[in-house]
Amino acid sequence: MLLLGSERSSKCYPLAANFIIALTLLPLLVLLILWVTLGFNLFGLPLGLSPLGFHISHGAVFALMFFYWKYLDMFQTIRYLALVSIPLFLFGHRLLATLAARR
Numbered sequence: 001m002l003l004l005g006s007e008r009s010s011k012c013y014p015l016a017a018n019f020i021i022a023l024t025l026l027p028l029l030v031l032l033i034l035w036v037t038l039g040f041n042l043f044g045l046p047l048g049l050s051p052l053g054f055h056i057s058h059g060a061v062f063a064l065m066f067f068y069w070k071y072l073d074m075f076q077t078i079r080y081l082a083l084v085s086i087p088l089f090l091f092g093h094r095l096l097a098t099l100a101a102r103r
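For the sequence shown, UniProt numbering assigns the number 1 to the initial residue and increments by one for each residue that follows.
1. For the stretch 43-50 and the stretch 23-34, state whether three or more C-beta atom pairs, one from each stretch, are separated by less than 8 Å.
2. Taking only heavy atoms of the ligand MN into account, decide whether any of them is closer than 7 Å to the Cβ of Leu15.
3. Does the beta-carbon distance from Leu64 to Leu90 come in below 8 Å?
4. Examine the Cβ distances between the stretch 67-78 and the stretch 51-59 and report whether three or more of them are shorter than 8 Å.
5. Find the nearest neighbour of Leu95 within the set Leu52, Phe67, Gln76, judged by alpha-carbon distance.
6. Note down the Cα distance separating Leu32 from Leu38, rounded to an integer number of angstroms.
7. On a CA-only basis, which of Glu7, Gly48, Leu15, Val61 is nearest Val84? Give me that one, please.
8. What first and last residue would you give for the alpha helix (DSSP H) that runs through Pro46?
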């Protein structure tokens, strides 16, 4: 005997889709509101090699997480993360030391 269920609807409900999009964007909205409330000063960041290297290394970690999600396995990701985390740590330490010296 073959049991067949009802066919699944491929129709996406706009209300549900918009609700999921709103939930996805909500943390970004909260972040921007808190930045304005706390007085985040984007122009107070130092310019130089260490902030640039830190942000590039941090972006490389985020890119690595994307590649782990799409293409890599855990062991490849850990190997690459070990390589990327060294400049991230060094540039981050130097950036924080620069920010502490300015205060």
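Note that CB positions come from ideal geometry on N, CA and C, so glycine has one too.
The structure presented is a predicted model; accordingly, all values stated were derived computationally and were not measured.
According to the structure data:
1. No, because fewer than three Cβ pairs between the stretch 43-50 and the stretch 23-34 fall closer than 8 Å, the two stretches do not touch.
2. This structure simply doesn't include the ligand MN, nor any ligand for that matter.
3. Locating residue 64 in the sequence shown gives position 64, where the first residue counts as 1. Locating residue 90 in the sequence shown gives position 90, where the first residue counts as 1. In this structure, Leu90 does not lie closer than 8 Å to Leu64 by Cβ.
4. No: fewer than three Cβ pairs fall under 8 Å.
5. Residue 95 sits at position 95 when you count from the first residue of the sequence shown. Measuring from the Cα of Leu95, the nearest candidate turns out to be Leu52.
6. Translated into positions along the sequence shown, residue 32 becomes position 32. Translated into positions along the sequence shown, residue 38 becomes position 38. If you take the alpha carbons of Leu32 and Leu38, they lie about 10 Å apart.
7. Here residue 84 corresponds to residue number 84 of the sequence shown, with the count starting at 1. Nearest neighbour of Val84 by Cα position, chosen from Glu7, Gly48, Leu15, Val61, turns out to be Val61.
8. The residue labelled residue 46 in the question sits at position 46 within the sequence shown. Going by DSSP, Pro46 is part of no alpha helix (DSSP H) at all; its letter is neither H nor E.
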